[in-house]
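Numbering (our numbering), first residue to last: -7 to 124.
The C-beta atom is built at its ideal place from N, Cα and C for all residues, glycine as well.
Because the structure is a prediction, the values reported are computed rather than measured.
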């Protein structure tokens, strides 16, 4: 009979009982409600993502340096860009006559790549943001 008295005393003090999870939100019985809350959060974050945007444009400018022959400059422009020979020659002449010519407009990362490639060939090219 002593055992029967101990069992009723321990049951109300046990925090994992039916009244325990309702007070502190923990325990095994509260796990089901937590699992249903997570998919709701995931569905809320999906619409917040913005669609991809166009990257801001950058100009690639060829400068006249008077140290390279016109043929070499035209050939290099054709090798490094998608410009044909006539367009490359026009830009080379423009750079020679005015000091600078717009080669092309692209995003910043590619403009930096073009600058590095032209520098490696000994041609002076700068990049700058294009006005919108």
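Check	Outcome
Kindly list the residues whose CB is nearer than 8 Å to the CB of residue 76, restricted to its own chain and excluding five residues on each side of it in sequence; keep chain order.	70
Between which two residues does the alpha helix (DSSP H) holding residue 61 run?	Premise fails: residue 61 is in no alpha helix (DSSP H) and is neither H nor E.
Just to confirm the assignment, what range does the alpha helix (DSSP H) spanning residue 116 have?	No alpha helix (DSSP H) holds residue 116; DSSP gives it neither H nor E.
Measure the Cβ-Cβ separation of residue 52 and residue 87 and say whether it is below 8 Å.	no
Which whole-angstrom value is the C-beta distance of residue 54 and residue 117, which I expect to be below 8 Å?	6 Å
Per DSSP, what are the beta-bridge partners of residue 52 in this structure?	96 and 119
For the ligand FAD, I want to know if residue 43 counts as a neighbour, meaning its beta carbon is within less than 7 Å of at least one of the ligand's heavy atoms.	Among the ligands in the structure shown, none appear at all, so the ligand FAD cannot be discussed.
Tell me whether residue 47 sits in a helix, a strand or coil according to DSSP, three-state version.	coil
Who are the near neighbours of residue 122 in its chain, counting only those whose CB is closer than 7 Å to its CB and skipping five residues on each side?	49, 50, 51 and 97
Measure the CB-CB distance between residue 115 and residue 60 and report whether it falls below 8 Å.	yes
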